[in-house]
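Q: Okay, here's the structure, questions in a sec.
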Amino acid sequence: MKKTLVSALVSCLISTSALAADKFTTVNDSAPLGVGNIVTLESSPLRLTGQAVKIGEKMPSVLLKKNDLSDFDTTITAKNVRIYSVIASVDTPVCDEQLHELSDYLNANSIAGIEFLAVSADTPFAQARFAKTAKISDKVTFLSDSVSHSFGNQTGTQIDGIGLLTRTIIVVDKTNTIRHIQRVPELTTTPDLAKAVKVAQQYI
């Protein structure tokens, strides 16, 4: 059943891309995270689950996997402000665009003091394959939540029953305090990266 739901989600996103113009819409709208809330995929509502994080709170402690299978601890002392770009799956065109937008932004701008992290429930191997094939900037660190879905459940970005994450940007300062959250209400839109960077720069 879970595989069927995942396949349906990916298929819908791919079919949506065929109808889209060159780019998907970037939005400023934001919706709540966590259990009791929904994200839409066109007209279809998908339930979120997990404990919603909030601005002003500390980022919860989660171990994610890097592409080399080493651990990344979300609460480790940071020298940089962090921007978590949370995506559903690297195998959907909207996420592809979100990551290319991030990569192109980093290639075009000299940004110091900010660490850019791409989080999805894809395996580290799938993320590494995508990053290489899509030529994503090495300034982007991919992090996998594929094993226990701890990140999704502890941030409220988990889509219930599917095992994928909802499209979100979270900015965390050097003290691990959350300073900005944008969770797009519709999965076929992308969050405002420029706004997230602007917020992050206030805490460098």
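With mature numbering (1 follows the signal peptide of the UniProt record, and there is no 0) as the guide, the letters of the sequence shown map in order to residues -20 to -1, 1 to 184. Even glycine gets a Cβ: it sits at the ideal position worked out from N, Cα and C.
May I ask you to list the residues that DSSP assigns as paired with A98?
A: Bridge partners of A98: S65, F122.
Q: Taking contact to mean 3 or more Cβ pairs, one atom from each stretch, closer than 8 Å, check whether the segment 175 to 184 and the segment 59 to 72 are in contact.
A: Because the criterion of three Cβ pairs below 8 Å is met, the segment 175 to 184 and the segment 59 to 72 touch.
Q: Please list, in chain order, all residues of the same chain as Q31 whose beta carbon is under 8 Å from its beta carbon, the five residues on each side excluded.
A: These residues qualify, in order along the chain: G14, V15, P40, N133, Q134, T135, G136.
Q: DSSP state of D84, grouped into three classes?
A: Residue state, collapsed to three classes: helix.
Q: How long is the line joining the alpha carbons of T5 and T170, rounded to whole angstroms?
A: When rounded, the distance between both Cα atoms is 6 Å.
Q: Please report the distance separating the alpha-carbon of L28 from that of D102.
A: Cα to Cα, L28 sits roughly 18 Å from D102.
Q: Please report how far the alpha carbon of P73 lies from the alpha carbon of G36, in whole angstroms.
A: Spanning the two alpha carbons is a distance of roughly 32 Å.
Q: What is the DSSP secondary structure of D76, counted as helix, strand or coil?
A: Residue state, collapsed to three classes: helix.
Q: In terms of residues, what are the limits of the beta strand (DSSP E) holding S24?
A: Where S24 is concerned, the enclosing beta strand (DSSP E) stretches over 24 to 29.
Q: May I ask you to report which of helix, strand or coil DSSP gives F52?
A: Reduced to three states, the DSSP call for F52 is strand.
Q: Return the residue from the list V179, A106, T168 that minimises the CA-CA distance to T20.
A: That would be T168, whose Cα lies nearest to the Cα of T20.
Q: Looking only at its chain, what residues have a beta carbon closer than 6 Å to the beta carbon of A11, apart from the 5 residues adjacent to it on each side?
A: The residues are R163, P165.
Q: Verify whether the separation of the beta carbon atoms of S117 and S83 is less than 8 Å.
A: A contact, by the Cβ cut-off of 8 Å.
Q: Kindly list the residues whose CB is nearer than 8 Å to the CB of L145, restricted to its own chain and excluding five residues on each side of it in sequence; keep chain order.
A: Closer than 8 Å at Cβ, skipping near neighbours: V66, I67, A68, V99, S100, A101, D125, F131, G132, T137, Q138, I139.
Q: Which residues in the same chain have their Cβ closer than 8 Å to the Cβ of residue 191, if we skip the five residues on either side of it in sequence?
A: Summary: the structure shown does not reach residue 191, with the chain confined to residues -20 through 184, and so no result is reported for it.
Q: In or out: P25 buried (at least 16 other Cβ within 10 Å) or exposed?
A: Exposed: under 16 other Cβ atoms inside 10 Å.
Q: Quickly, what does DSSP pair H160 with across the bridge? List them, please.
A: V151, per the DSSP bridge assignment.
Q: Can you round the beta-carbon distance between K45 and V120 to whole angstroms, since I take them to be within the 8 Å contact cut?
A: Going by Cβ atoms, the distance from K45 to V120 rounds to 15 Å, so no, they are not a contact pair.
Q: Would a check of beta-carbon distances place N89 closer than 8 Å to chain B?
A: Judged by its chain identifiers, the structure shown contains no chain B, having just a single protein chain.
Q: In this structure, does DSSP put K175 in helix, strand or coil?
A: Helix at K175.
Q: Do N8 and F122 have their beta-carbon atoms positioned less than 8 Å apart in this structure?
A: No, they are not a contact pair.
Q: Which residues share a DSSP beta bridge with Q138?
A: In the DSSP output, where bridge partners are listed per residue, Q138 has T29, L145.
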